[in-house]
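Engineer:
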Amino acid sequence: MKYLLKNIFLPLDADFSDIAKTLEDLVGASGVVESAYLFKRSVDARKKPLLKFCCSVVATPKDKGKFLKTFKKYAPEEYKEIEYSVPAAKSDLRPVVVGFGPAGMFAALSLARAGLNPVVLERGADADTRISDVENFKRSGNLNLNSNIQFGEGGAGTFSDGKLTTGIKDPRCRAVLGEFVRFGANDNILYESKAHIGTDVLVGVIKNIRREIIKLGGEVRFNNKLENITFFDGKVTEITVSSDDGVYTLPCTDLILAIGHSARDTFEYLHSADVPMTSKPFAIGARIEHSQEIINLSQYGVKNVSELGAADYKLSCHLENGRGVYTFCMCPGGYVVNASSEKGAVVTNGMSYNARNGKNANSALLVGVDERDFGEGVLAGMYFQRKIEQAAFELTNSYKTVSQTVGDFMNGRSGNRSETLIPTVSPDTHYDDLAKILPHDVIISMRQGIAKFGKMIKGFDDPEAVLTGPETRSSSPVRIIRNDKFQSVYPGLYPCGEGAGYAGGIMSAAVDGLRVAEIIIEKYKEV
Numbered sequence: 177m178k179y180l181l182k183n184i185f186l187p188l189d190a191d192f193s194d195i196a197k198t199l200e201d202l203v204g205a206s207g208v209v210e211s212a213y214l215f216k217r218s219v220d221a222r223k224k225p226l227l228k229f230c231c232s233v234v235a236t237p238k239d240k241g242k243f244l245k246t247f248k249k250y251a252p253e254e255y256k257e258i259e260y261s262v263p264a265a266k267s268d269l270r271p272v273v274v275g276f277g278p279a280g281m282f283a284a285l286s287l288a289r290a291g292l293n294p295v296v297l298e299r300g301a302d303a304d305t306r307i308s309d310v311e312n313f314k315r316s317g318n319l320n321l322n323s324n325i326q327f328g329e330g331g332a333g334t335f336s337d338g339k340l341t342t343g344i345k346d347p348r349c350r351a352v353l354g355e356f357v358r359f360g361a362n363d364n365i366l367y368e369s370k371a372h373i374g375t376d377v378l379v380g381v382i383k384n385i386r387r388e389i390i391k392l393g394g395e396v397r398f399n400n401k402l403e404n405i406t407f408f409d410g411k412v413t414e415i416t417v418s419s420d421d422g423v424y425t426l427p428c429t430d431l432i433l434a435i436g437h438s439a440r441d442t443f444e445y446l447h448s449a450d451v452p453m454t455s456k457p458f459a460i461g462a463r464i465e466h467s468q469e470i471i472n473l474s475q476y477g478v479k480n481v482s483e484l485g486a487a488d489y490k491l492s493c494h495l496e497n498g499r500g501v502y503t504f505c506m507c508p509g510g511y512v513v514n515a516s517s518e519k520g521a522v523v524t525n526g527m528s529y530n531a532r533n534g535k536n537a538n539s540a541l542l543v544g545v546d547e548r549d550f551g552e553g554v555l556a557g558m559y560f561q562r563k564i565e566q567a568a569f570e571l572t573n574s575y576k577t578v579s580q581t582v583g584d585f586m587n588g589r590s591g592n593r594s595e596t597l598i599p600t601v602s603p604d605t606h607y608d609d610l611a612k613i614l615p616h617d618v619i620i621s622m623r624q625g626i627a628k629f630g631k632m633i634k635g636f637d638d639p640e641a642v643l644t645g646p647e648t649r650s651s652s653p654v655r656i657i658r659n660d661k662f663q664s665v666y667p668g669l670y671p672c673g674e675g676a677g678y679a680g681g682i683m684s685a686a687v688d689g690l691r692v693a694e695i696i697i698e699k700y701k702e703v
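See below:
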């Protein structure tokens, strides 16, 4: 029997290479713990700069009675590891997965392990080609509409912090983390409370998952885009796909739509095909960028702590005007990136490498918007996003992002570059007034949010900090309706992941992919 011990406080230089010995040393005992491993670790910074780790540990006792008595202070509770597996299944037709982001990737991996030999259609390129296309866009401004920071192998999450935190309480989360480790991620993601992979490591992990799917009998087709779904008697029967080699049809009775939050042309097609959808609230704003040392000093009490790496934050407030303002996708030691994916439109995002060793920290500073802002209509929110992104492009007639110092932003000025902070977005940015591209209510709310957050994190409202925008794609502007069997009103059509409106980040999207795959596997499992 294994036991979970909680609220174990250890110094930053504690020995984590032998957890069993560390536990025994902590309580001054020996011969009590057979084996142990770190289950969760977070930073206790309540008495900064005196920092500690707060840990949870799974331990196997040598003697149960002695163990429970010795570690009573840490509230031992029985712990049973859950192994995630799928049964064997068989179908005359291969299921099709549209989109190879986290949701589509994990759905396809499960389907392949079950023996269903899925076909994955990804409108973008493979990871290596995609990286080349993104670099070319940075250098030349030539945007590849299907291979960019939004589209391609790994989805939008490939060029991100690779953040693995989530608010969902699903046992599949542990399985997802285990898969990431199996395919190349550092095993510290299994226990760090704010785990991340980093875009540089994530690329390799994604390619390894793709190779596994193919090895198991699946297929991944890049530069293949869903164009049409054929329904007969209200059920999915066939799809039409465009590729570099032309247009073709594919028989299909199980179609997973894991299309991501930026597949706007697909949203328009689905709406025209009477697939039930609804608009949903989301959030918009800009990236805010500070010196990482400022964030470290506020969060840790010192500028650098080698054992902890770059500090992060997560802030939110509710304003008197009814708006919610919050930070999102914080990238410690990271970079602001131009994430454009449509002609004549500009949008930003943030990313970090695994080491998180960049000089700046950034996060999205967002304000919630809903029908009062973008009006009624299934696709009204999507068109609202596009209008803002196009306004940013029109401001400079280029794909340059729009930046403004926090001092200028708070005082309604524009045009001044920061004297102390160099923005990380490349190749360059245009200093101007964000009020020219973002709605008035959003600007006012962002100003009030910055003032409040400046009281939570010293230096957050630093006049020399830089805002870069617009940030419009924090989540999908639509939800594709599905029932408790994860299907649309059209049997065989499975909306899935963040683009369909059922996830918000790598972890929750991956879990949703597993859940949808389980439904299909159950239908075809071999008795």
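In terms of this note's numbering, the sequence shown is numbered consecutively and its last residue is 703. All residues carry an ideal CB built from backbone N, CA and C; glycine is no exception. What you are looking at is a predicted structure, and each value in this text was computed from that prediction instead of being measured.
#1: Can you tell me the Cα-Cα spacing of residue 262 and residue 178, whole angstroms?
#2: Looking at C-alpha atoms only, which residue of 290, 347 and 241 is the closest neighbour of residue 686?
#3: Where does residue 580 sit, in a helix, a strand or coil, going by DSSP?
#4: Using C-beta distances below 7 angstroms, list every residue in its chain close to residue 219, excluding the 5 sequence neighbours before and after it, in chain order.
#5: Leaving out the 5 sequence neighbours to the left and right, which residues in its chain are closer than 6 angstroms to residue 550 when beta-carbon positions are compared?
#6: Could you name the residues of the same chain whose beta carbon sits closer than 6 angstroms to that of residue 279, not counting the 5 residues immediately before and after it, in chain order?
#7: Measuring only the C-alpha atoms, how far is residue 190 from residue 373?
#8: Compare the Cα-Cα distances from residue 232 to each of 653, 255, 408 and 291 and report the closest residue.
#9: I'd like to know whether the C-beta atoms of residue 221 and residue 468 end up nearer to each other than 8 angstroms.
#10: Under DSSP, the alpha helix (DSSP H) around residue 442 begins and ends at which residues?
#11: Are residue 436 and residue 331 touching if we call contact CB-CB under 8 angstroms?
#12: Can you name the residues that DSSP bridges to residue 237?
#13: In the DSSP assignment, what are the bridge partners of residue 185?
#14: Could you check if residue 194 is buried or exposed, using at least 16 other CB atoms within 10 Å of its CB as the buried criterion?
#15: Taking the straight line between their C-alpha atoms, what separation do you get for residue 184 and residue 488?
#16: Are the CB atoms of residue 608 and residue 621 nearer to each other than 8 angstroms?
#17: List, from N- to C-terminal side, the alpha helix (DSSP H) runs of 4 residues or more that fit wholly inside the region 346-387.
#18: Should residue 237 be labelled buried (16 or more other beta-carbon atoms within 10 Å of its own) or exposed?
#19: Can you list, in chain order, the residues of its chain whose CB lies under 7 angstroms from that of residue 494, leaving out five sequence neighbours each side?
#20: Give me the residue from 619, 656 and 470 with the minimum Cα distance to residue 444.
#21: Can you round the beta-carbon distance between residue 317 and residue 602 to whole angstroms, since I take them to be within the 8 angstroms contact cut?
#22: Nearest to residue 439 by alpha carbon, out of 425, 299 and 360?
#23: Relative to the C-alpha of residue 213, which residue among 206, 199, 234 and 207 is closest?
Structural biologist: Put simply:
#1: As a working note, residue 262 is residue 86 in the sequence shown. As a working note, residue 178 is residue 2 in the sequence shown. Approximately 25 angstroms between the Cα atoms of the pair.
#2: Locating residue 686 in the sequence shown gives position 510, where the first residue counts as 1. Checking every option, the nearest Cα to that of residue 686 belongs to 347.
#3: Taking the first residue of the sequence shown as 1, we reach residue 580 at position 404. Residue 580: strand per DSSP, three-state reduction.
#4: Translated into positions along the sequence shown, residue 219 becomes position 43. 227, 229 and 484.
#5: One-based indexing of the sequence shown puts residue 550 at position 374. Cβ neighbours of residue 550 beyond the five flanking positions: 556, 557 and 560.
#6: In the sequence shown, the residue the question calls residue 279 occupies position 103. So the list reads 434, 672, 673, 685, 688 and 689, once near-sequence residues are dropped.
#7: Position 14 of the sequence shown holds residue 190. Position 197 of the sequence shown holds residue 373. Their Cα atoms are separated by approximately 23 angstroms.
#8: Sequence index remark: in the sequence shown, residue 232 carries index 56 (1-based). Considering only alpha carbons, the answer is 255.
#9: The sequence position of residue 221 within the sequence shown is 45, counting from 1. The sequence position of residue 468 within the sequence shown is 292, counting from 1. Contact flag unset, no.
#10: Looking up residue 442 in the sequence shown gives position 266. First-last of the alpha helix (DSSP H) with residue 442: 440-448.
#11: By one-based count along the sequence shown, residue 436 stands at place 260. By one-based count along the sequence shown, residue 331 stands at place 155. It is a contact, given that the beta carbons lie within the stated cut-off.
#12: By one-based count along the sequence shown, residue 237 stands at place 61. Paired residue(s): 209.
#13: What you label residue 185 is simply residue 9 of the sequence shown in a count that begins at 1. Paired residues: 230.
#14: Taking the sequence shown and counting its residues from 1, one reaches residue 194 at position 18. By the 10 Å Cβ count, residue 194 comes out exposed.
#15: Position 8 of the sequence shown, counting from 1, holds the residue named residue 184. Position 312 of the sequence shown, counting from 1, holds the residue named residue 488. Roughly 22 angstroms between the two C-alpha positions.
#16: Taking the first residue of the sequence shown as position 1, residue 608 is located at position 432. Taking the first residue of the sequence shown as position 1, residue 621 is located at position 445. No, these two residues do not count as a Cβ contact at 8 angstroms.
#17: 348-358
#18: As a working note, residue 237 is residue 61 in the sequence shown. Counting Cβ neighbours within 10 Å, residue 237 comes out buried, since at least 16 surround it.
#19: In the sequence shown, counting from the first residue as 1, residue 494 sits at position 318. Here the set comprises 500.
#20: Position 268 of the sequence shown, counted from the start, is the residue given in the question as residue 444. Cα-wise, what sits closest to residue 444 is 656.
#21: On the sequence shown, position 141 is the one that residue 317 refers to. On the sequence shown, position 426 is the one that residue 602 refers to. About 11 angstroms separates the two Cβ atoms, so there is no contact after all.
#22: Indexing the sequence shown from 1 puts residue 439 at position 263. Considering only alpha carbons, the answer is 299.
#23: Your numbering for residue 213 matches position 37 in the sequence shown. Of the listed residues, the one whose Cα sits closest to residue 213 is 234.
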